[in-house]
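Each remark here refers to the structure printed beneath this line.
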Amino acid sequence: MSEANWYVVHTYSGYENKVKANIEKTIENRHLEDEILEVRVPMQDVVEMKNGAKKAVQKKMFPGYVLINMIMNDDTWYVVRNTRGVTGFVGPGSKPVPLTEEEMRPLGIKTEDIVVDFKEGDVVVVTGGVWKDTIGAIQKMDYNKQAATINVELFGRETPVEIGFEEVKKM
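Per our numbering, residue 12 is the first one in the sequence shown, and the count goes up by one each step.
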């Protein structure tokens, strides 16, 4: 069986999230979970000035593009290529070219696996980022994203927050 790689798909601008949803629905309907592993619309946090006030918002890093982690074969190529809103894969002609390790690093997408010593239900402390020193119980583990979802108290109520594995330490 082939190895999964990240590929870039060109979409109509503004259709990135719709394309992501359509591909995920097709994966579910055709049972391609083992071949198309993840679909992402890379986002970044930016601060905008509106009416004299700073506001943190998320913007698409690459408008008009979607990243897909998949095993390239005729079936997966056909499914992605024929999704409404997709104009094609990025690469010469009709041959998709996977992203290299160097191209993936600045996107914050980890390709090497991190082995962790914690699991769902464990209480952990956040060691970095904006939630540093926050303590919470792990609600969900996402090994594809290499992130754990913990509940933190925010404004007096429990709020789920996704934290990368490298920023979490078991108590």
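Built from N, CA and C at the ideal position, the CB exists for glycine as well. What you are looking at is a predicted structure, and each value in this text was computed from that prediction instead of being measured.
| request: Check each candidate in K106, T170 and E112 and name the one with the smallest Cα separation from W142. | output: Among K106, T170 and E112, the Cα nearest to that of W142 belongs to T170.
| task | Helix, strand or coil for D86, going by three-state DSSP, please let me know. | result | In this structure, DSSP gives D86 a helical state, which the three-state scheme calls helix.
| request: Within its chain, find whatever has a CB closer than 7 Å to the CB of D56; leave out the 5 residues flanking it on each side and keep chain order. | output: Result list for D56: A67 and Q69, in chain order.
| task | Have a look at D45, E49, V127 and I34 and flag the residue whose alpha-carbon is nearest the alpha-carbon of W17. | result | Among D45, E49, V127 and I34, the Cα nearest to that of W17 belongs to E49.
| message | Checking the sheet assignment: what are the DSSP bridge partners for A32? | response | In DSSP, A32 forms no bridge with anything.
| Opposing strand residues paired with F73 [DSSP bridges] | F73 is not bridged by DSSP to any residue.
| At which residues does the beta strand (DSSP E) containing M54 begin and terminate? | Per DSSP, M54 belongs to the beta strand (DSSP E) from M54 to K61.
| message | Residues in the same chain with beta-carbon distance under 7 Å from M81, minus the five sequence neighbours each way, listed in chain order, please. | response | Excluding its 5 nearest sequence neighbours in each direction, M81 has C-beta neighbours in its own chain below 7 Å: A15, Y18, E46, I47, L48 and T87, listed in chain order.
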